[in-house]
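Single-structure report; data block below.
There are 2 protein chains.
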Amino acid sequence: MARVIVGMTMSLDGFVSDRNGEVGRLYPDMEAMRQSEQLHQAIGSTGAVAMGRRSHEMGRGDYTGYEFQVPIFVLTHRAPEQVAKGENDSLTFTFVTEGVERVIDQAKAAAGDKDVTVVGGASVIHQCIEAGLADELHIDLRSVLLGEGLRLFDRSDAPPIELEPFGVSESPGVTHLRYRVRK
Amino acid sequence: MARVIVGMTMSLDGFVSDRNGEVGRLYPDMEAMRQSEQLHQAIGSTGAVAMGRRSHEMGRGDYTGYEFQVPIFVLTHRAPEQVAKGENDSLTFTFVTEGVERVIDQAKAAAGDKDVTVVGGASVIHQCIEAGLADELHIDLRSVLLGEGLRLFDRSDAPPIELEPFGVSESPGVTHLRYRVRK
Chain A
1 MARVIVGMTM SLDGFVSDRN GEVGRLYPDM EAMRQSEQLH QAIGSTGAVA MGRRSHEMGR
61 GDYTGYEFQV PIFVLTHRAP EQVAKGENDS LTFTFVTEGV ERVIDQAKAA AGDKDVTVVG
121 GASVIHQCIE AGLADELHID LRSVLLGEGL RLFDRSDAPP IELEPFGVSE SPGVTHLRYR
181 VRK
Chain B
184 MARVIVGMTM SLDGFVSDRN GEVGRLYPDM EAMRQSEQLH QAIGSTGAVA MGRRSHEMGR
244 GDYTGYEFQV PIFVLTHRAP EQVAKGENDS LTFTFVTEGV ERVIDQAKAA AGDKDVTVVG
304 GASVIHQCIE AGLADELHID LRSVLLGEGL RLFDRSDAPP IELEPFGVSE SPGVTHLRYR
364 VRK
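Structure follows, in C-alpha cells:
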C-alpha cells in the first residue's frame with residue numbers, strides 16, 4: 001500500500017525560502033544532497049510525485065536532471081500550455097485542477113505499491129496534512145536561522161496534530177526528521 | 184570558560200506556547216523530562232540561569248521544585264516587590280533592568296567555570312542570539328504541530344545566522360537538537 005509522504009527542507013526557524021525568495025542557503029551543497037543516503041532511499045521508494053504549480057515552474061521546463069523520474073501530478077488552477085519534459089517516458093506530467101484530494105488519488109493510482117512523495121510547496125504540504133492525506137512528514141532541517149521568508153508552517157486554525165517520530169539521521173548541516181502523522 | 188546556552192522546547196512548527204498561551208502539549212510528560220539524561224547534564228553544567236520577566240512569573244513565587252537551584256538573573260523593566268524563593272540559599276534572584284548584555288555579564292560572573300543557561304522566554308533568547316551573546320542553541324523539538332501560538336523565532340531583520348549542529352539525541356516525542364552559533 002502506497003504511503004503519502006510530504007516533506008521539504010526547512011530552516012530551524014521554519015522557512016522554506018529566504019526573504020528574497022531564494023533557497024540557496026537551504027541547499028548549500030546540492031552535490032552532497034544528491035549523493036545522500038536519504039535521497040537515494042526516497043528515489044527508490046517513490047512511485048509518483050505530487051507538487052504545486054510554483055514548484056513545477058521552478059523546474060523551468062526541463063526535468064531531465066530531476067531526481068524523481070516518475071509520473072508527476074501538479075495541483076494547479078489552470079494547466080499550462082507547454083509541458084516540461086523529463087529524461088524519458090517514465091516522467092509524465094498530469095495537471096489537476098480539482099483540488100489536493102484528487103491530486104493524491106491520481107498519484108496513488110500511478111504509484112501502485114510504491115510511495116507518493118509530495119515535494120512542495122509549503123501550501124500543498126499544508127493542504128495534505130490538514131486534509132488528513134499525509135501518512136508521513138519528512139523534514140530536512142537545515143542548521144540556519146533565516147530570520148524572514150516563506151514559512152513551511154504558517155498559522156493555522158486547525159486543531160493541533162500529533163506526530164510520531166520514527167527516525168532521525170544526520171548529514172552535514174542537515175538533520176533528517178521522520179514522523180508518522182497521527183490520524 | 185562559561186558558555187552561554189540558550190534554548191527552549193519548541194513544536195515542529197515553531198511555537199513555544201499554544202493559541203491559548205498554554206504549554207501542556209509541549210510537555211506532555213513532565214516526569215520523563217525531569218528524569219531525562221539531557222536535563223541532568225544541563226543541571227550539572229549550569230552555574231547560573233538567565234530568564235525574562237514573564238518566565239520568572241511562571242514560577243509563581245515558588246522555585247523550591249525548580250531544576251536549577253543556582254543564581255537566577257531576570258531581565259525586566261522593573262524589579263518586583265516580592266521575590267520568589269528557592270530551596271536554599273544557592274538559588275538567588277537578581278533583577279536586571281539595563282538590558283540583555285548586562286544580564287548575561289552578571290550571569291557569567293556568577294557561573295564561574297560553569298555555563299549560563301538562558302531558559303526563555305522567546306524574546307530573551309532572540310535578543311541573546313541577535314546580540315551575538317549565545318554560544319550554543321539547544322532546541323528540544325516536540326513532535327506536534329500546534330498551528331498557532333507564540334513563535335520562538337519570529338520574523339527578524341537581522342541577517343541569516345549559520346549554526347553548527349554538534350549533537351542530536353532523542354527521548355520519547357522529543358528530538359534534542361544542539362547547535363553552536365557561528366559568530
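If you read the sequences in order, they're chains A and B. Numbering follows our numbering, with no gaps: position 13 of the first sequence is 13. In our numbering, each residue carries its 1-based index in the second sequence increased by 183. Cβ atoms here follow ideal geometry from the backbone N, Cα and C, with glycine treated the same way.
Asked: Which runs of the alpha helix (DSSP H) spanning at least 4 residues fall entirely within the stretch 185-234 of chain B, listed in chain order?; Found: 213-217 and 220-228
Asked: Shorter than 8 angstroms from the beta carbon of Glu-148/A to some beta carbon of chain B?; Found: yes
Asked: Alpha carbons only, please: which of Ala-292/B, Ala-294/B, Gly-269/B and Arg-261/B is nearest the one belonging to Phe-278/B?; Found: Arg-261/B
Asked: Which residue spans inside the stretch 85-169 of chain A form an unbroken beta strand (DSSP E) run of at least 3?; Found: 93-96, 115-120 and 136-142
Asked: Given a cut-off of 8 angstroms, decide if Thr-259/B and Arg-236/B are closer than it, judged by their beta-carbon atoms.; Found: yes
Asked: For Ile-322/B, return the contacting residues in chain A, with the cut-off set at a CB-CB distance below 9 angstroms.; Found: Leu-12
Asked: Measure the C-alpha to C-alpha separation of Tyr-210/B and Gln-69/A and round it to an integer number of angstroms.; Found: 42 angstroms
Asked: Tell me whether Pro-348/B is buried or exposed, calling it buried when 16 or more other Cβ atoms sit within 10 Å of its Cβ.; Found: buried
Asked: State the DSSP-derived secondary structure class of His-359/B, mapped to helix, strand or coil.; Found: strand
Asked: For Ala-122/A, tell me which candidate among Gly-132/A, Asp-135/A, Glu-81/A and Met-10/A has the shortest Cα-Cα distance.; Found: Met-10/A
Asked: Which chain A residues are close to Ala-341/B, counting only those with a beta carbon under 7 angstroms from its beta carbon?; Found: Gly-147
Asked: List, in chain order, every chain B residue whose beta-carbon is nearer than 7 angstroms to that of Ile-5/A.; Found: None at all; the shortest Cβ gap to chain B is about 16 angstroms.
Asked: Does the distance from the C-beta atom of Val-187/B to that of Leu-316/B stay below 8 angstroms?; Found: yes
Asked: Taking just the CA atoms, how far does Val-301/B sit from Val-266/B?; Found: 19 angstroms
Asked: Using alpha carbons as the reference points, say which of Asn-88/A, Asp-62/A, Thr-92/A and Ile-125/A lies closest to Val-100/A.; Found: Ile-125/A
Asked: When we look at the beta-carbon of Arg-34/A and count the other beta-carbons within 10 Å, is it buried (16 or more) or exposed?; Found: exposed
Asked: Quick one: is Met-58/A buried, meaning 16 or more other Cβ sit within 10 Å of its Cβ, or exposed?; Found: exposed
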